[in-house]
Amino acid sequence: MRRGRITLLVLLSVLVLCIAPNGYGNDFDGDGKDDVLWYDTSSGRVHAWSMNGMDISKGMNFKYYGTGKALSTGDFNGDGISDWLSQNTQTHKVMISLNYGVDGDGNEDSRDVELEKQPDGNWVIMGVGDFDGDGKSDILWQNEDTYNTGIWFMDGGTVKSVALIDKQTDDSWHINGIGDFNGDGRSDILWKQNIELKDSYAHMVCVWLMDGVIVKSAAFPTKQPGDAFLITRGIGDFDGDGKIDILWQDMNKGTVYTWLMDGEKIKESSGESGVLSDWFVQAIGDFDGDGKSDILWHNPLNGGFAAWLMNGAVIKDKGMVTRFTKGSWKTVPDGSNVVTIFNSRFTDQGDGSMTDMFTGLEWMKNTTPCDPGGTTWGNALKCVDELGNGWRVPTIMESYSLCNKSGVQTGLDLNATEPFAPHYCNGKKSDLASLLNKAGFTNLFSNHYWSSTTANYDPLMAWSMDPGNGSVRYMQKHIAGRVWPVRTRR
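In case it helps, mature numbering (1 follows the signal peptide of the UniProt record, and there is no 0) puts the sequence shown at residues -25 to -1, 1 to 465.
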């Protein structure tokens, strides 16, 4: 699977704020509490919420960065104030804005530095961390074609040195986060692998304990997530011990788990933190200034934002923060977390497609490019074939992965003989159409969408997916249904 384009750092990244010794939270006003940073991908505006526990104490306005930028943050000059890292998604030029704080009106004081060294188009920024322990952020890169990873060691706006990491992976492993897992003052790398099994798949995670570009140890945690429904939600120091921890959520049940880490070991104090359905992590940071990471949740159905103030795996306090419709506003990462499901599961590629970050499939943004009133199965195949550009009618397993909140392509019995009995992708009825519309898709109806998969027991029937109730079932091929094209990522 190809790694995400650089635009994913804006479009699909969460603000994850490490408070380990070599991590830097987004505290732009210097009050000792992390802020939630926003970037409007439509206008180029940047704004921040100054957090005080579960309250927004004030808003802060930052410079206009323009559209088509990938933004992240870190402390590149070691002055304790977050700086900006941006990359032009067309020219790939990288720039650092060194920040010197904000004035009484919440306006920033900064100096832009365009780096003398620039990457070629095959390298994408995966995150930011202090890999050499000098108190200044460095940049982690990965090559989209070779999957090699490398580090730019930084001193303010100067690239001190560039080197490849001495251990590499194949494309089955994905970077999930960057932080100090063993407390040695140097950033480490969290990897996750999707393992295909006979009838399902599972997850495995691995921690690279780093010393610069040297992998001191590639260690597997004493426990593995296993279940395909268990999704990484972010990393942060939830117990305040100076070592990064991992946040998980079971997308089937909504259960939230916290792994409190000591290197690759999971402490006995780890455990279940709570249960939330239809809520997604929007930010992780120390919002109340107690030295422990907290969680900001967002419900895209009602626009609500809620905070969990954490003490290890225990929620010490929780409550609503505000409500607003995000639209094109996305949270900006501080570079420590590169999991791309927190703002949205999908990213708009700007070419009429939306990439599902769970599967890597590209779905057409216009969900009904053929007859909006519906068409037969045969005409649907013909219509999509005429679109060209790699578009095709999805298989039922691809439709099922879109219908399923965790993106799994397993668990559906293709030999079922009940022709019209719905199979609910998430175990129960769920209005996925509303979620997908809010994610940016257009013309999505609560009706059946064809797959290319013919029913095993009857060649006159084919599988279909209904986002209105989150189900898949058979339909007779002569009945009118809509069609939602997909393509393999180019």
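In this text, a Cβ means the ideal position worked out from N, Cα and C, and glycines have one as well.
Computed from a prediction, not measured in an experiment: that's the story for all the values here.
Practice item. Go ahead and label Gly363 buried or exposed: buried means 16 or more other beta carbons lie within 10 angstroms of its beta carbon, across all protein chains shown. Key: As a first step, residue 363 must be located in the sequence shown, where it is residue number 388. Exposed: under 16 other Cβ atoms inside 10 Å.
Review point. Would Gly335 pass as a contact of Gly456 if the rule is Cβ separation under 8 Å?
Key: Translated into positions along the sequence shown, residue 335 becomes position 360. Translated into positions along the sequence shown, residue 456 becomes position 481. Not in contact: Gly335 and Gly456 (Cβ atoms no closer than 8 Å).
Review point. Are there 16 or more other CB atoms within 10 angstroms of the CB of Leu(-18), so buried, or fewer, so exposed?
Key: As a first step, residue -18 must be located in the sequence shown, where it is residue number 8. With a pLDDT of only 28 at Leu(-18), under the threshold of 50, the placement of this residue in the model should not be trusted; the figure read from the coordinates follows. Leu(-18) should be labelled buried.
Check your understanding: For Ile31, which residues does DSSP report across the bridge?
Key -> Reading the sequence shown from its first residue, position 56 is the one you call residue 31. Met26, per the DSSP bridge assignment.
Check your understanding: Does the region 261 to 271 come within contact of the region 211 to 219, defined as at least 3 CB pairs closer than 8 Å?
Key -> yes
Check your understanding: Alpha carbon to alpha carbon, how far is Glu337 from Leu387?
Key -> Position 362 of the sequence shown, counted from the first residue, corresponds to residue 337. Position 412 of the sequence shown, counted from the first residue, corresponds to residue 387. Near 22 Å, if we compare the C-alpha coordinates of Leu387 and Glu337.
Exercise for review: Measure how close the beta-carbons of Met29 and Gly294 come, nearest whole angstrom, since I'm counting them as under 8 Å.
Suggested key: One-based indexing of the sequence shown puts residue 29 at position 54. One-based indexing of the sequence shown puts residue 294 at position 319. Met29 to Gly294, Cβ: 5 Å. Contact.
Review point. Using the beta-carbon count (16 or more within 10 Å), is Phe156 buried or exposed?
Key: In the sequence shown, residue 156 corresponds to position 181, counting from 1. Buried, since its Cβ has 16 or more Cβ neighbours within 10 Å.
Practice item. State yes or no: is the C-beta of Gly102 within less than 8 Å of the C-beta of Ile150? Key: Residue numbering aside, residue 102 sits at position 127 when the sequence shown is read from its first letter. Residue numbering aside, residue 150 sits at position 175 when the sequence shown is read from its first letter. It is a contact, given that the beta carbons lie within the stated cut-off.
Review point. Exposed or buried, which one is Lys404 when buried takes at least 16 other CB atoms within 10 Å?
Key: Translated into positions along the sequence shown, residue 404 becomes position 429. Flag for Lys404 reads exposed.
Practice item. Answer yes if the region 412 to 421 comes into contact with the region 354 to 374, meaning at least three C-beta pairs across the two stretches below 8 Å, and no otherwise. Key: no
**Study point:** DSSP three-state assignment for Ala396, whether helix, strand or coil
**Key:** For this step, residue 396 is matched to residue 421 along the sequence shown. In the structure shown, Ala396 sits in coil (DSSP, three-state: anything other than H, G, I, E or B).
Point to revise | Bridge partners - Lys135, DSSP secondary structure assignment | key: Start at 1 with the first residue of the sequence shown, and residue 135 comes out as number 160. The partner list for Lys135 (beta bridge, DSSP) is empty, contrary to what the question assumes.
Check your understanding: Could you check where the beta strand (DSSP E) with Glu130 kicks off and where it finishes?
Key -> Walking along the sequence shown from the start, residue 130 turns up at place 155. In the sequence on display, residue 130 carries Asp and not Glu. That run of the beta strand (DSSP E) goes Thr124 to Asp130.
Exercise for review: Give me the Cα-Cα distance between Ser427 and Ile206, rounded to the nearest whole angstrom.
Suggested key: In the sequence shown, counting from the first residue as 1, residue 427 sits at position 452. In the sequence shown, counting from the first residue as 1, residue 206 sits at position 231. The alpha-carbon atoms of Ser427 and Ile206 are separated by roughly 29 Å.
Exercise for review: Could you work out which residue in Gly154, Met129, Met35 and Thr121 is closest to Ile71 when comparing CA atoms only?
Suggested key: Numbered from 1 along the sequence shown, position 96 holds the residue referred to as residue 71. For Ile71, the nearest C-alpha among the options comes from Met129.
Check your understanding: Quick one: what's Asn63 bridged to in DSSP?
Key -> Walking along the sequence shown from the start, residue 63 turns up at place 88. Its beta-bridge partners are Lys44.
Practice item. Apply the 10 Å Cβ neighbour rule to His273 and answer buried if 16 or more other Cβ atoms are within range, or exposed otherwise. Key: Mapped onto the sequence shown, residue 273 falls at position 298. Under this definition His273 is a buried residue.
Check your understanding: Is Thr370 closer than 8 Å to Leu419 when the C-beta atoms are compared?
Key -> Taking the sequence shown and counting its residues from 1, one reaches residue 419 at position 444. Taking the sequence shown and counting its residues from 1, one reaches residue 370 at position 395. Not closer than 8 Å, so no.
Review point. Considering only residues of the same chain and omitting the five flanking positions on each side of Gly19, which have a CB-CB separation below 6 Å?
Key: For the purposes of this step, residue 19 is taken as the residue at position 44 of the sequence shown. Answer for Gly19: Tyr39, Tyr40, Gly41 and Thr42, listed in chain order.
Review point. Would you call the CB atoms of Val307 and Ser147 closer than 8 Å?
Key: Reading the sequence shown from its first residue, position 332 is the one you call residue 307. Reading the sequence shown from its first residue, position 172 is the one you call residue 147. For Val307 and Ser147, no; Cβs fall outside 8 Å.
Check your understanding: Under three-state DSSP, which class holds Glu91?
Key -> Taking the first residue of the sequence shown as position 1, residue 91 is located at position 116. Of the three classes helix, strand and coil, the one that applies to Glu91 here is coil, per DSSP.
**Study point:** Residues of its chain near Asp95, where Cβ-Cβ distance is below 8 Å and the 5 sequence neighbours each way are ignored
**Key:** Looking up residue 95 in the sequence shown gives position 120. Contacts found: His67.
Exercise for review: Report the residue from Asn277, Asp78, Ile153 and Asp2 whose alpha carbon sits nearest the alpha carbon of Ala23.
Suggested key: For the purposes of this step, residue 23 is identified with residue 48 of the sequence shown, where counting begins at 1. Among Asn277, Asp78, Ile153 and Asp2, the Cα nearest to that of Ala23 is on Asp2.
Exercise for review: May I have the straight-line CA-CA distance separating Ala396 from Lys44, to the nearest angstrom?
Suggested key: Within the sequence shown, residue 396 is the residue found at index 421, counting from 1. Within the sequence shown, residue 44 is the residue found at index 69, counting from 1. Distance between the alpha carbons of Ala396 and Lys44: 47 Å.
Practice item. Pull up the DSSP beta-bridge partners for Ala193, would you. Key: Against the sequence shown, residue 193 aligns to sequence position 218. The partner list for Ala193 (beta bridge, DSSP) reads Trp183.
Exercise for review: Would you kindly check if the distance between the Cβ of Ile114 and the Cβ of Thr124 is under 8 Å?
Suggested key: Numbered from 1 along the sequence shown, position 149 holds the residue referred to as residue 124. Numbered from 1 along the sequence shown, position 139 holds the residue referred to as residue 114. No; because the gap between Cβ atoms is not below 8 Å, this pair is not in contact.
Check your understanding: Excluding sequence positions up to five away, which residues of its chain have a Cβ less than 7 Å from the Cβ of Gln451?
Key -> Residue numbering aside, residue 451 sits at position 476 when the sequence shown is read from its first letter. Here the set comprises Leu435 and Met436.
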